[in-house]
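Residue numbers (full-length UniProt numbering): 1 to 226. The next block holds one structure in the form of structure tokens; read it before the comments.
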């Protein structure tokens, strides 16, 4: 589904290369974890996959088509859905309004189905009453869960998440990972998450470790049967 070919990223106005000549492939129906120490470049790499940053050289391909300057906008709007560390929710909107607005902008097939949204919210501890509150009144952990559901309600086949469980307790972390598994294994989406949590990474199908500019790929044998 998604490929990077001979990808190199060099910091602007610097000779330092974060990574170079990277070749990786991500398939539909798989849940990937990108791991590595703080500062290794995990979030930068995720931004490159999302089309939010531009590589120094190399190619990004989606469904065998190159992502170019002319196709980048559509790729980001229709093909990619991203969960940010900073949530990126509209404070002046309610939880429900945030999600329905995103669904409308991306043309989701369920964009008028409030019940569908409520069911997903309930799975991660956001009840109907909270769904009608403005997000500014929610805790950080609650806002993170809303951001995740907003992503899941859109129809993008490529789901990228930057530390999606960083502000969650153990129970909600489990629920979120189960939802990501559902997206990958039941809805055949490609889900890629950056995480520093070893247990989260072990629950993914594939771990990709970034260390000193090099990527190593390992399939989790316990997840191979899905």
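Where is the CB? At the ideal position from N, CA and C, for every residue including glycine. Everything numeric in this text was worked out from a predicted model, so none of it was measured.
Inset, instruction - Could you tell me whether the Cβ atoms of residue 151 and residue 33 are closer together than 7 Å? - result: No, the Cβ-Cβ distance between residue 151 and residue 33 is not below 7 Å.
Inset, instruction - Could you have a look at residue 162 and say whether DSSP puts it in helix, strand or coil? - result: Per DSSP, reduced to three states, the secondary structure at residue 162 is strand.
Inset, instruction - For the beta strand (DSSP E) holding residue 33, just list the boundary residues, first then last. - result: Counting along the chain, the beta strand (DSSP E) containing residue 33 begins and ends at 31-35.
Legend entry - Under the three-state DSSP convention, the category residue 5 falls into: Of the three classes helix, strand and coil, the one that applies to residue 5 here is strand, per DSSP.
Inset, instruction - Give me whichever residues DSSP pairs with residue 17 in a beta bridge. - result: BP columns for residue 17 point to 10.
Legend entry - Which listed residue (154, 58 and 129) has its alpha carbon closest to that of residue 94: Nearest to residue 94 by C-alpha distance, out of 154, 58 and 129, is 129.
Legend entry - Cβ separation of residue 131 and residue 118, assumed to be a contact under 8 Å, to the nearest whole Å: With 8 Å as the limit, residue 131 and residue 118 qualify as a contact, their Cβ atoms being about 6 Å apart.
Legend entry - Contacts around residue 41, its chain only, beta-carbon distance under 8 Å, and the 5 residues preceding and following it disregarded: The residues are 9, 18, 19, 210 and 213.
Inset, instruction - Mind listing, in chain order, the continuous beta strand (DSSP E) runs of no fewer than 3 residues lying wholly within the segment 144-212? - result: DSSP runs (the beta strand (DSSP E)) wholly in the segment 144-212: 158-162, 190-194 and 206-211.
Legend entry - Own chain, CB closer than 8 Å to residue 148, minus 5 neighbours either side, in chain order: Around residue 148: 83, 124, 161, 164, 176 and 179.
Legend entry - residue 100: first and last residue of the uninterrupted alpha helix (DSSP H) it sits in: Per DSSP, the continuous alpha helix (DSSP H) segment holding residue 100 begins and ends at 95-106.
Inset, instruction - Please name the residue or residues paired with residue 80 in a DSSP beta bridge. - result: In DSSP, residue 80 forms a bridge with 158.
Legend entry - Local Cβ density within 10 Å of residue 207, reported as buried at 16 or more and exposed below that: Of the other Cβ atoms in all chains shown, 16 or more fall within 10 Å of the Cβ of residue 207; this residue is therefore buried.
Inset, instruction - Tell whether a beta-carbon distance below 7 Å holds between residue 167 and residue 141. - result: For residue 167 and residue 141, yes; Cβs fall inside 7 Å.
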